[in-house]
Structures are given as C-alpha cells and as structure tokens.
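S.K.:
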Amino acid sequence: MPTLPPAVHLCVLLAASAAHAADEEPIVTDRPDFVESSAVVGKGRLQLETSVAVERNRVAGTRERTTSTPTLLRFGVSDTLELRVETDGRLRYRVDRRDDGGEAHERLRGAADTAVGLKWHALDENGALPAVGVLLHADVDSGSTAFRGDGVRPSLRVAAEWELPGDVGVGLMPGIVRERAADGGHVVTGLFAVVVGKNWTERLRTFVELAAPRIARGKDGGSAASFDVGASWLVNRNCQVDAMLSRGLNSRTPDVAFTVGLSVRL
C-alpha cells in the first residue's frame, strides 16, 4: 500500500511551533467528508491535504480493489479566494475474476487526472443564512492512459454550512458536472451531499454523511451514492489527521471504501 507523502515531517515541525500560533484559527479542511467547507485558507497561506484511500467491490464472481492517494493543494490568493490543484494521485487497480472457465487476474497502475480550480468564500453565516463557498473546477485528461478521463470536465459546486447549538454543524453541497457523452456529445450530471458533524472537544470531530457524487440517467452512466462515517483529530492549529469509512448504497458504488489522511497548513 502507498505511504503518506513527506507531509508527516511538516506536521512534526508545525507541532513544534504551535505555541507561536496560539491566536490563530484552527485549520479547516475539505476532507475527509465529500461535502467541501465554505472556508478558504486565507491570503498567502498554503495548505496540503493528502491521504490514502482503498475501495473494494464484489459482484458476480468478480472482486475489485482500487488504491489511490487523493491530494489537494490550496493556496490563498486573498481572504476570500483560493487556488486549488487536486488529484487522486497514484492509482493501483486490481481485479480477480472467477467462473467455470477458471480464474483471471488484471493489474493496472498509473496516475490519475488532475483538476485545477478556484474556491470563493461568498458569504459568512448570518442568522439563518449559511456560510457559502462556491467552487469552480476543471478536471483535465492528464493521467495515465488506463485512468484518463475523456476531455476536460468542468464542475460547479456550492457549499453551505450552518453552525447549530451543541457544537453541531450541518453542511449541504449541490453541484453540476459537464462530461463527454458516449455518443461524442456532452452531458450534464449532478451531485449532492449532506453532512452532520459534531465537535466533541476542541480537537475531536465526528460526522455522518449521505453523498451522491454522481446523479445521472442510466444511459449516461447512472448514479452513485454512499453512506459515510468519519472523524478528524486536530493535532495542533495547523495540522489535522482524519479517517472515513463509506458504504456503497447501489451497484454503481464500491461496496466499501476507507481513507486515512493528513492535512497541514503553512
């Protein structure tokens, strides 16, 4: 299994200097849940969010396993705008098939596509109105042949967050994606997710989530949906570790997925 990048060493350095950042707001990340935060990293700040993820699926005598290293790099252009570069990183795909004719095995390795984009913190929370962030991304067909998407796929997402009594937070994220269709044209698919989280202490947060990362008609590839549970631990104000377990809710979603991650802010 791939190891985490050298960001671990950055986390150690940040821990040593935590006393100098006592007055700073804690790091806010866009992982591990599917719903993005409405917040940006702040002018001149650089934030790395990286992880290892494993997906498993079994259907009709076929077992699939995909391992990836999802990574997001965020840079603050201003106090309300950030630049973003995101990828699933290094991919390993393994499939084992068994039928009356015997067994067959397939192994693929390569790099995932990369997405570039912007996040704009449009609104602060005000009464019943949520904090709002708007994300515009474009996935570029830049990965290895086995994992490369078809052309550039732009997407638009809106993240809305409410802070409720009892240290509970609710987040919603609708969105749309423009993709290349099988007939050579284009199709617009949707996405939607809702997450409910609770801060148990200043360091520990847990959450549950319903996510539909793809909403489409069957002829356009169908929809995917999952139920997710996870937690994050604030090592210090500039470093977070997290984990999430996902259960697929239909046949187009992996049966089970797990991720563990590390985020650091510079």
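Residue numbers (mature numbering (1 follows the signal peptide of the UniProt record, and there is no 0)): -21 to -1, 1 to 245.
Each residue gets a CB set at the ideal place from its N, CA and C atoms; glycine is no exception.
#1: Going along the chain, which unbroken runs of the beta strand (DSSP E) with 3 or more residues stay wholly within the stretch 76 to 140?
#2: Using 7 Å as the threshold, is the C-beta distance between residue 289 and SER121 below it?
#3: In this structure, what does DSSP give as the bridge partners for residue 255?
#4: Going by DSSP in three states, LYS22 sits in which element: helix, strand or coil?
#5: Given that a residue counts as buried once 16 or more other Cβ atoms are within 10 Å of its Cβ, and exposed if not, what is ASP67?
#6: How big is the Cα-Cα spacing for LEU97 and LEU60?
#7: Roughly how far, in whole angstroms, is the beta-carbon of PHE126 from the beta-carbon of LEU70, given that I think they are within contact range, below 8 Å?
#8: First and last residue of the beta strand (DSSP E) that includes PRO5?
#9: Can ASN215 and ARG244 be called in contact, C-beta distance under 7 Å?
#10: For the beta strand (DSSP E) holding ARG184, just list the boundary residues, first then last.
#11: At the level of alpha carbons, what is the spacing between LEU224 and LEU241?
#12: By how many angstroms is the C-alpha of ALA172 removed from the C-alpha of SER211?
#13: Near ASP75, what residues of its chain come up, given a Cβ to Cβ distance below 6 Å and the 5 sequence neighbours on each side ignored?
#14: Assign ASP162 to one of three DSSP states: helix, strand, or coil.
#15: Drop a sphere of 10 angstroms on the beta-carbon of SER230, count the other beta-carbons inside from all chains shown, and report buried for 16 or more, exposed for fewer.
#16: Can you tell me the Cα-Cα spacing of ALA236 and GLY55, whole angstroms?
#17: Between which two residues does the beta strand (DSSP E) holding LEU52 run?
#18: Using DSSP bridges, identify the partner residues of VAL208.
#19: Between the Cα of ALA138 and those of ARG37, HIS100, ALA195, spot the shortest distance and give me the residue it belongs to.
#20: Does THR124 pass the burial test, meaning 16 or more other C-beta atoms within 10 Å, or should it be called exposed?
#21: Given HIS(-2), which residues of its chain have a CB within under 8 Å of its CB, disregarding the five upstream and five downstream residues?
#22: For the beta strand (DSSP E) that contains ALA39, what are its first and last residues?
#23: For THR238 and GLU34, what's the separation of their Cα atoms in angstroms?
#24: Would you mind stating whether ASP92 and GLY130 have Cβ atoms separated by less than 7 Å?
#25: Provide the residue span of the beta strand (DSSP E) that contains THR238, from first to last.
#26: Whose C-beta lies closer than 6 Å to the C-beta of SER16 among residues of the same chain, with five residues either side of it excluded?
#27: Within its chain, find whatever has a CB closer than 7 Å to the CB of ARG226; leave out the 5 residues flanking it on each side and keep chain order.
M.R.: Inspection of the coordinates gives the following:
#1: 81 to 90, 93 to 102, 110 to 119
#2: What is shown of the chain runs -21 to 245, which leaves residue 289 out entirely.
#3: Lying before the first or after the last residue shown, residue 255 is absent from the chain, which here runs from -21 to 245.
#4: coil
#5: buried
#6: 7 Å
#7: 5 Å
#8: Careful: PRO5 lies outside any beta strand (DSSP E) and carries neither H nor E.
#9: no
#10: 183 to 194
#11: 16 Å
#12: 19 Å
#13: ARG42, HIS84
#14: coil
#15: exposed
#16: 31 Å
#17: 50 to 55
#18: VAL187, LEU224
#19: HIS100
#20: exposed
#21: Low local confidence applies: a pLDDT of 44 at HIS(-2) is under 50, so the model's placement there is unreliable, with the coordinate-based value given in what follows. Around HIS(-2): no qualifying Cβ.
#22: From DSSP, ALA39 is part of no beta strand (DSSP E); its letter is neither H nor E.
#23: 9 Å
#24: no
#25: 235 to 244
#26: VAL7, ASP9
#27: SER205, PHE206, VAL235
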